[in-house]
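Q:
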Amino acid sequence: METKFELTEQDYRYLFENASDAMWVHDMEGNLLDGNKAFEKLSGYTSKEWAGMNITQLLSDESLALAREVRCKLLNGEGLEQPYEQRFITKDGATRIVKMATSPVIINGEVRGFQHVARDITEEKQLQENMRFYVQQVTRAQEEERKRIARELHDGMSPSLLLLIQRLDAITPSTQPRLSTSLKNKLEDLRDQALEALEGLRHCAQDLRPPILDHLGLVAALEWMAENTAKDYGIDTKVEVVGVGRDLPDEVQLLLFRIAQEALTNIRRHAEAPRAWVTLEFGKDKTILTVKDNGKGFKLPQRMGDLASMGKLGLAGMQERAQLIKGNLTLQSELGKGTTVTVE
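Next comes the structure, spelled out in structure tokens:
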């Protein structure tokens, strides 16, 4: 026998009052009509205090502009991504960050107000910011160390190898008439190995910190990297710039370059791709970097946070770098259809 279960108005009131998320209702003018205990905790105002208040008293100018945008979209039936982030000014003047959802209150077919459900994420956001700052400091330290090592390789070891090659070149039959053919061949082999080591050293120093990035900027550095990828690994790599180029902050240029560098490294190591494309798009208020290949692709994880646990540390590192410049990294990949990395 089926038992019908119904909640009374009193039951709903109990659930409303004791919900862990803040809930409140206001009319079309923003006058607060109702709120639960969690709303009191969030705002710092008791029910007696907020009873005569308007919601605008809890919002900064920026937050009020967002609230009006949300209201307009809901009234016009436009798409609204929810939940969304909002900031509130509490009774003591502090700012709290919430993740909230808003819906209209409809009575007799007419919108009479709005109801909101919000969860305080201030501490969570602070932890994220602290972690971002920590990763940023580590990344800066790594880049400084890369620069130092590259400089030492260029200024220290490279001249020594060059001097060795010059001295080997000076050993000729005219200067050393008693030089045997066997010894001559060994010296030539030694010279070739020294030249190879010098070239490898220069290549390593440039990978650590390409001077072209500091001197000519991101676009030139991407073109240099694409040219080297094609020459050294046989991957036809093209760079395209879309829109009107503009100067980007040094840190943004560096991290976008590192993301592109890691993406191209992944392509040559894993993708088995004959071609790759690097696109830098300058929009009105944003910059988009895309690295695409036509290789074998791979199965994407359900969550981006699973990349590291899957052993895809390079992709995880790209995601961290994107977050440092407050960007968003997305991956598209399908077996047999290549991979696309986008940073926006």
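Take the sequence shown: its letters are residues 1 to 344, numbered as in the UniProt record's numbering. Virtual Cβ for every residue (Gly too), placed ideally from N, Cα, C.
I'd like to check one pair, residue 60 with residue 38: are the Cβ atoms closer than 9 Å?
A: For the purposes of this step, residue 38 is taken as residue 38 along the sequence shown, with counting starting at 1. For the purposes of this step, residue 60 is taken as residue 60 along the sequence shown, with counting starting at 1. No. Outside cutoff.
Q: Report all residues from its chain with a CB closer than 7 Å to the CB of residue 66; omit the five preceding and five following residues, and keep chain order.
A: By one-based count along the sequence shown, residue 66 stands at place 66. Excluding residues within five positions, the ones whose Cβ falls inside 7 Å are 86.
Q: Helix, strand or coil: which one does DSSP assign to residue 298?
A: As a position in the sequence shown, residue 298 is number 298, starting the count at 1. Three-state DSSP puts residue 298 in coil, outside helix and strand.
Q: Do residue 183 and the ligand NAD come close, with the Cβ less than 8 Å from some heavy atom?
A: No copy of the ligand NAD appears in this structure; indeed no ligand is present at all.
Q: Use the C-beta contact count for residue 10: other C-beta atoms within 10 angstroms, 16 or more gives buried, fewer gives exposed.
A: Numbered from 1 along the sequence shown, position 10 holds the residue referred to as residue 10. Classification of residue 10: exposed, given that the 10 Å Cβ count is below 16.
Q: What separation, rounded to the nearest whole angstrom, lies between the Cα atoms of residue 178 and residue 166?
A: Counting from 1 along the sequence shown, the entry for residue 178 is found at position 178. Counting from 1 along the sequence shown, the entry for residue 166 is found at position 166. Roughly 20 Å separates the two Cα atoms.
Q: Which same chain residues end up closer than 6 Å to residue 198 when comparing Cβ atoms and leaving out the 5 residues on each side of it in sequence?
A: Mapped onto the sequence shown, residue 198 falls at position 198. For residue 198, where only same-chain residues beyond five positions count, the Cβ hits under 6 Å are 161.
Q: Keeping to the same chain, check which residues put their C-beta closer than 6 Å to that of residue 224; ignore five residues upstream and five downstream.
A: Along the sequence shown, read from residue 1 onward, the residue named residue 224 stands at position 224. Closer than 6 Å at the Cβ level, and outside the excluded window around residue 224, lie 212.
Q: Short of 6 Å in beta carbon distance, which residues of its chain neighbour residue 122, apart from the five on each side in sequence? Order them along the chain.
A: As a first step, residue 122 is located in the sequence shown; it is residue number 122 there, counting from the start. Cβ within range, chain order: 96 and 97.
Q: Can you tell me which residues form a DSSP beta bridge with residue 85?
A: For this step, residue 85 is matched to residue 85 along the sequence shown. Beta-bridge pairing links residue 85 to 99.
Q: As an exercise, report each continuous beta strand (DSSP E) stretch of at least 3 residues that is fully enclosed by the segment 243–292, in chain order.
A: Whole beta strand (DSSP E) segments, 3+ residues: 275–282.
Q: Tell whether a beta-carbon distance below 9 Å holds between residue 242 and residue 219.
A: For this step, residue 242 is matched to residue 242 along the sequence shown. For this step, residue 219 is matched to residue 219 along the sequence shown. No; because the gap between Cβ atoms is not below 9 Å, this pair is not in contact.
Q: Please return the same chain residues whose Cβ sits closer than 6 Å to the Cβ of residue 82, not counting the five positions on each side in sequence.
A: Locating residue 82 in the sequence shown gives position 82, where the first residue counts as 1. Cβ within range, chain order: 101.
Q: Which stretch, first to last residue, makes up the alpha helix (DSSP H) that contains residue 322?
A: Along the sequence shown, read from residue 1 onward, the residue named residue 322 stands at position 322. Where residue 322 is concerned, the enclosing alpha helix (DSSP H) stretches over 313–324.
Q: Return helix, strand or coil for residue 185, following the three-state DSSP convention.
A: Your numbering for residue 185 matches position 185 in the sequence shown. DSSP places residue 185 in helix when its eight states are reduced to three.
Q: Which same chain residues end up closer than 8 Å to residue 36 when comparing Cβ atoms and leaving out the 5 residues on each side of it in sequence?
A: Here the question's residue 36 lines up with position 36 in the sequence shown. Excluding positions up to five away in sequence, the list reads 16, 17, 18, 19, 22, 23 and 24.
Q: Do residue 91 and residue 52 count as a contact pair if the criterion is CB distance below 9 Å?
A: The residue given as residue 52 occupies position 52 in the sequence shown. The residue given as residue 91 occupies position 91 in the sequence shown. The answer is no: Cβ separation not under 9 Å.
Q: What does the Cβ neighbour count give for residue 138, buried or exposed, with the cut at 16 atoms within 10 Å?
A: Locating residue 138 in the sequence shown gives position 138, where the first residue counts as 1. Exposed, because fewer than 16 other Cβ atoms sit within 10 Å of the Cβ of residue 138.
Q: Which residue or residues does DSSP assign as beta-bridge partners of residue 53?
A: For the purposes of this step, residue 53 is identified with residue 53 of the sequence shown, where counting begins at 1. None; residue 53 has no bridge partner.
Q: If distances are taken between C-alpha atoms only, which option among 282, 64, 107 and 276 comes closest to residue 260?
A: Here residue 260 is taken as the residue at index 260 of the sequence shown, counted from 1. The option with the nearest alpha carbon to residue 260 is 276.
Q: I think residue 135 touches residue 320, with their Cβ atoms under 8 Å apart; what is that distance to the nearest whole Å?
A: By 1-based counting over the sequence shown, the position of residue 135 is 135. By 1-based counting over the sequence shown, the position of residue 320 is 320. Indeed, because the Cβ distance is near 6 Å, the residues count as touching under 8 Å.
Q: Might you give, ordered along the chain, the residues of its own chain that have their beta carbon closer than 7 Å to the beta carbon of residue 13, omitting 5 neighbours on each side?
A: For the purposes of this step, residue 13 is taken as the residue at position 13 of the sequence shown. Cβ within range, chain order: n/a, list empty.
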